[in-house]
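Asker: Heads up: take any position in the sequence shown, counting from 1, add 104, and you land on the working numbering.
Idealized CB from N, CA, C, for every residue including glycine.
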Amino acid sequence: MPVLEVSETEVIEDIGGGESHEWKVILYNDDYHFFDQVVAQVQKATGYPYQRALAITMEAHTTGRAVVWAGAIEECLRVEAVLREIGLHTDIVA
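Following this line, the structure appears as structure tokens:
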């Protein structure tokens, strides 16, 4: 599987999909943050209304991961940076 290294600590994986140029920010569940902290940070990173941020957080909580954002790599890097401000575990995938 091809891997594009962005920095020493940040790796972006190409998980297939052929010609797709849409990137996705994946949020992973953890046992370190309060639920409300994650919802608020998803809102801050994306501008989503509370209910949408809550649904994403609930998906990550129940399934282990959720897509927070999809779009151009620059947008995904911005969203991921905000999520990581409080130490949330994320990846960017294509």
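#1: Candidates Y132, H125, Q141, A185: which alpha carbon is nearest T166's?
#2: Quick one, are the C-beta atoms of I160 and W127 less than 8 Å apart?
#3: Got a sec, what are the start and stop residues for the beta strand (DSSP E) I130 sits in?
#4: In this structure, what does DSSP give as the bridge partners for T194?
Answerer: With the given structure in hand:
#1: As a working note, residue 166 is residue 62 in the sequence shown. Answer by Cα proximity: Y132.
#2: Here residue 160 refers to the residue found at position 56 when the sequence shown is read from its first residue. Here residue 127 refers to the residue found at position 23 when the sequence shown is read from its first residue. No.
#3: Numbered from its first residue, the sequence shown carries residue 130 at position 26. Taken as a continuous stretch (DSSP letters only), the beta strand (DSSP E) holding I130 covers 127 to 132.
#4: Start at 1 with the first residue of the sequence shown, and residue 194 comes out as number 90. Partner(s): L131.
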